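**Q**
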Amino acid sequence: MEAIKKIINEKGIGKTIGIGGSATIYRINDSGLAIKVSPLDGFFRPWPNPSPDRMYRGLYKEFVTQSQLYERGISVPKPEGLTWVRSPKTGIFCPSLVMEYIPHTNPHQNPEYERIEKMFWDEVEKAKKVGFIPSFDCDPYNNWLFNSEKNKVYLIDFRFWGCQNDRK
Ligand SMILES: Nc1ncnc2c1ncn2[C@@H]1O[C@H](COP(=O)(O)OP(=O)(O)O)[C@@H](O)[C@H]1O
Ligand SMILES: [Mg+2]
Numbered sequence: 010m011e012a013i014k015k016i017i018n019e020k021g022i023g024k025t026i027g028i029g030g031s032a033t034i035y036r037i038n039d040s041g042l043a044i045k046v047s048p049l050d051g052f053f054r055p056w057p058n059p060s061p062d063r064m065y066r067g068l069y070k071e072f073v074t075q076s077q078l079y080e081r082g083i084s085v086p087k088p089e090g091l092t093w094v095r096s097p098k099t100g101i102f103c104p105s106l107v108m109e110y111i112p113h114t115n116p117h118q119n120p121e122y123e124r125i126e127k128m129f130w131d132e133v134e135k136a137k138k139v140g141f142i143p144s145f146d147c148d149p150y151n152n153w154l155f156n157s158e159k160n161k162v163y164l165i166d167f168r169f170w171g172c173q174n175d176r177k
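Position 53 of the sequence shown, counting from 1, maps to 62 under the numbering used here, and the rest follow consecutively.
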C-alpha cells in the first residue's frame, strides 16, 4: 500500500473510470489497479456532513466482504487494501479501496448477451451457496463487469451485501 500511495503522490490518482452511487473509481495511472474513492465523492452524497469515520467503516465492511468472496473463489476484482487519498474532485481526504483493475466492455451491447448474463447469475448463485447474501443492487444492470478477453464476469460493489454469519 505504501508503494501505491507513493505512485499517487508523485503522479496523481489517474483517470476516472466510473462514477457510482456514492463513489468515484479511478484507474491508478496505467497500473493494473483501480481505486474506489468513497463516499464523500460520489453522485449522491450520503446525508449532510457524513463523518469520515462512519464512511471508513462502511468501506471497511465492503473490503472485508470482497476479500472473503475472493478467498472463497468467487470472481471479484482482487482487493489490495484500504487507504486515504485526497479526492481530486472535492479536495477532501476520503477513505478508498484499492483493487485489481478489470478491463471491461458493456455486456448489454454484446451479441452473446444471454450467455454472458447466465455467467453473471451463476456467479451470484456460487456466492449464495457459500453463505453470502447479495444485495438489492446486484442485478444485470448494476455491479458486475464483463471481460471479453478472458470471457469472465466479475461481481463488484459489496456495500450492501450480507453474510449468513453476520450477527443479527
Ligand atoms: N475493479 C474495477 N475495474 C474496472 N472498473 C471498475 C472497477 N470497480 C468499479 N469500476 C467501474 O466503476 C463503476 C462504479 O463502481 P461501483 O463499485 O459500483 O461504485 P458505487 O458503489 O458508487 O456504485 C462500475 O460500474 C465500473 O464501471
Ligand atoms: Mg455500484
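We treat Cβ as the ideally placed atom computed from N, Cα and C, and that holds for glycine.
Note that the structure is predicted; figures quoted are calculated from it, not measured.
(1) What does DSSP give as the partner residues of cysteine 172 in its beta bridges?
(2) Which whole-angstrom value describes the C-beta separation of serine 144 and leucine 106, a residue pair presumed to lie in contact below a C-beta threshold of 8 Å?
(3) Is the closest heavy atom of ligand 2 to the C-beta of glycine 30 under 7 Å?
(4) What is the DSSP secondary structure of isoleucine 111, reduced to helix, strand or coil?
(5) Going straight from the alpha carbon of isoleucine 13 to that of isoleucine 34, what length do you get?
(6) Determine the DSSP secondary structure at asparagine 18, reduced to helix, strand or coil.
(7) Under the DSSP definition of a beta bridge, which residues are partnered with glycine 23?
(8) May I have the straight-line CA-CA distance separating valine 139 from tyrosine 79, to the nearest angstrom?
(9) For glycine 30, write down the residues that DSSP places opposite it in a beta bridge.
(10) Take the Cβ of isoleucine 28 as the centre, count every other Cβ of all protein chains shown within 10 Å, and call the residue buried at 16 or more, exposed below.
**A** Reading it off the structure:
(1) Position 163 of the sequence shown holds residue 172. According to DSSP, which records beta bridges pairwise, cysteine 172 is partnered with Phe141.
(2) For this step, residue 144 is matched to residue 135 along the sequence shown. For this step, residue 106 is matched to residue 97 along the sequence shown. Their Cβ separation, rounded to whole angstroms, is 16 Å, which puts serine 144 and leucine 106 out of contact at 8 Å.
(3) Translated into the one-based positions of the sequence shown, residue 30 becomes position 21. Because some heavy atom of ligand 2 lies under 7 Å away, the Cβ of glycine 30 counts as near it: yes.
(4) Position 102 of the sequence shown, counted from the start, is the residue given in the question as residue 111. If DSSP states are grouped into helix, strand and coil, isoleucine 111 belongs with coil.
(5) Stepping through the sequence shown from its first residue, residue 13 is reached at position 4. Stepping through the sequence shown from its first residue, residue 34 is reached at position 25. Each residue's Cα considered, the two are about 15 Å apart.
(6) Against the sequence shown, residue 18 aligns to sequence position 9. Correct three-state label for asparagine 18: helix.
(7) For the purposes of this step, residue 23 is identified with residue 14 of the sequence shown, where counting begins at 1. None, per the DSSP bridge assignment.
(8) Counted from its first residue, the sequence shown places residue 139 at position 130. Counted from its first residue, the sequence shown places residue 79 at position 70. C-alpha separation (whole angstroms): 12 Å.
(9) Locating residue 30 in the sequence shown gives position 21, counting from the first residue. According to DSSP, glycine 30 bridges with nothing at all.
(10) Taking the sequence shown and counting its residues from 1, one reaches residue 28 at position 19. The residue in question, isoleucine 28, is exposed, as its Cβ has fewer than 16 Cβ neighbours within 10 Å.
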